[in-house]
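Undergrad:
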Amino acid sequence: MSSLANGYVVREVDDRPALDAIRHAIVRLACGHLKCDIPPDDGDFLNRIHERVAVSEINALRLHVFNGLNAHAWCRPSYLALARSAIDRLVGNELAMQNKVNLSIQMPNDETSTLAVHADVWSAETPYEVVQWTPLVDVHDTKAMYILRPEVNRTVRHRMSTLKDGGRDFDLFEAYRDEFHWVPVKYGQTLIFSPILLHGNVRNDTTESRWSLNCRPHRAVHAV
Ligand SMILES: [Fe+2]
């Protein structure tokens with residue numbers, strides 16, 4: 022895995038039928054919420070969701086689909102199965118993971134759904150884990166997520182610690198804008214990256230909506 026130098030890997034999913042089934046369940050849930058017919062092409066429906074849903078209504082749709090998806094007992098094991106072989110190698114095979122698989126939707130020009138630059142370890146996640154991020158449509162450019170390379174990532178903490186105001190007014194994204202790497206991922210692939218790395222997204226300036234799932238499998242800790 023030479024891509025480990027980048028702090029992430031993009032892999033074909035181990036179980037494509039499982040990914041297709043997850044995506045189809047999501048489309049069915051969305052159609053239930055929107056009271057529309059099941060479309061012939063799941064990917065096309067998701068890519069063009071902004072033609073049916075206003076920015077002000079997208080979070081209600083997202084919550085409906087998130088709750089419905091996570092109500093299925095197969096949801097977490099199916100999601101983990103998408104990247105099981107890579108996660109076994111990176112984290113180990115005694116795994117724990119969060120209770121829910123998260124769902125994000127970023128429609129074109131929606132400023133409200135952007136996720137400012139952050140590292141998941143900052144919100145007290147364990148570093149003995151990886152982030153498993155899987156798009157439900159092809160993503161590229163601002164429809165994708167950005168990651169800061171490990172060698173640059175290492176300089177951020179030092180730089181922030183030297184700021185007079187403790188970094189409160191420091192615009193991390195602007196300061197490192199040229200260093201962020203936009204990671205293209207096709208439907209059928211999954212992105213696995215370190216929670217130590219800074220990442221996020223900006224306003225989606227493409228013509229298609231982004232849908233993605235994420236979860237953070239980590240090494241199980243045994244009580245002794
Ligand atoms: Fe994150």
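Be aware that the sequence shown starts at 22, since it is given in my numbering, and climbs by one per residue.
For every residue, glycine included, the Cβ atom is placed at its ideal position computed from N, Cα and C.
Please read all numbers here as calculations on a predicted model, not as lab measurements.
1. At a cut-off of 8 Å, is N235 close to ligand 1 when judged by its beta-carbon and the heavy atoms of the ligand?
2. Please check the pair E248 and L169, which I expect to be a contact at CB under 8 Å, by giving their CB distance rounded to whole angstroms.
3. Among residues of its own chain, excluding the 5 on either side of T163, which ones have a beta-carbon nearer than 7 Å to its beta-carbon?
4. Give the straight-line distance between the Cα atoms of V204 and H161, rounded to the nearest whole angstrom.
5. Name, in chain order, the residues that DSSP records as bridge partners for I213.
6. I think N80 touches V158, with their Cβ atoms under 8 Å apart; what is that distance to the nearest whole Å?
7. Roughly how many whole angstroms lie between the Cα atoms of E172 and V30?
8. Between the alpha carbons of Q153 and C236, how many angstroms are there, rounded?
9. Reducing DSSP to helix, strand and coil, say where N225 ends up.
10. Just reading off the alpha helix (DSSP H) that E71 is part of, what are its end residues?
11. A165 by DSSP, collapsed to three states: which one?
12. Of the residues C96, R231, L124 and W232, which one's Cα is nearest the Cα of A39?
13. My assumption, with CB atoms under 8 Å, is that V138 sits in contact with V112. Please give the rounded CB distance.
14. Cα-Cα, which of P61, V76, R83 and E33 is closest to L50?
15. First and last residue of the beta strand (DSSP E) that includes C57?
TA: This is what the structure gives:
1. By 1-based counting over the sequence shown, the position of residue 235 is 214. The answer is yes for N235.
2. Only positions 22 to 245 of the chain appear in this structure, which leaves residue 248 out of reach.
3. In the sequence shown, counting from the first residue as 1, residue 163 sits at position 142. V223, R224, N225, D226 and T227, listed in sequence order.
4. Locating residue 204 in the sequence shown gives position 183, where the first residue counts as 1. Locating residue 161 in the sequence shown gives position 140, where the first residue counts as 1. One C-alpha to the other measures close to 7 Å.
5. Your numbering for residue 213 matches position 192 in the sequence shown. Per DSSP, V30 and Q153.
6. Counted from its first residue, the sequence shown places residue 80 at position 59. Counted from its first residue, the sequence shown places residue 158 at position 137. About 19 Å; that fails the 8 Å criterion.
7. As a working note, residue 172 is residue 151 in the sequence shown. As a working note, residue 30 is residue 9 in the sequence shown. If I take the Cα positions, the gap works out to 16 Å.
8. Here residue 153 is taken as the residue at index 132 of the sequence shown, counted from 1. Here residue 236 is taken as the residue at index 215 of the sequence shown, counted from 1. When rounded, the distance between both Cα atoms is 5 Å.
9. Here residue 225 refers to the residue found at position 204 when the sequence shown is read from its first residue. Reduced to three states, the DSSP call for N225 is coil.
10. Counting from one through the sequence shown, the residue named residue 71 turns up at place 50. The identity of residue 71 in the sequence shown is His, whereas the question assumes Glu. First-last for H71: undefined, no H or E at that position.
11. Here residue 165 refers to the residue found at position 144 when the sequence shown is read from its first residue. Here A165 sits in coil by DSSP.
12. Start at 1 with the first residue of the sequence shown, and residue 39 comes out as number 18. Cα-wise, what sits closest to A39 is C96.
13. For the purposes of this step, residue 138 is taken as residue 117 along the sequence shown, with counting starting at 1. For the purposes of this step, residue 112 is taken as residue 91 along the sequence shown, with counting starting at 1. Actually they do not touch by this definition, with Cβ atoms about 24 Å apart.
14. Along the sequence shown, read from residue 1 onward, the residue named residue 50 stands at position 29. Looking at the Cα atoms, R83 is the closest of the given residues.
15. Numbered from its first residue, the sequence shown carries residue 57 at position 36. That residue, C57, is in no beta strand (DSSP E); it is neither H nor E in DSSP.
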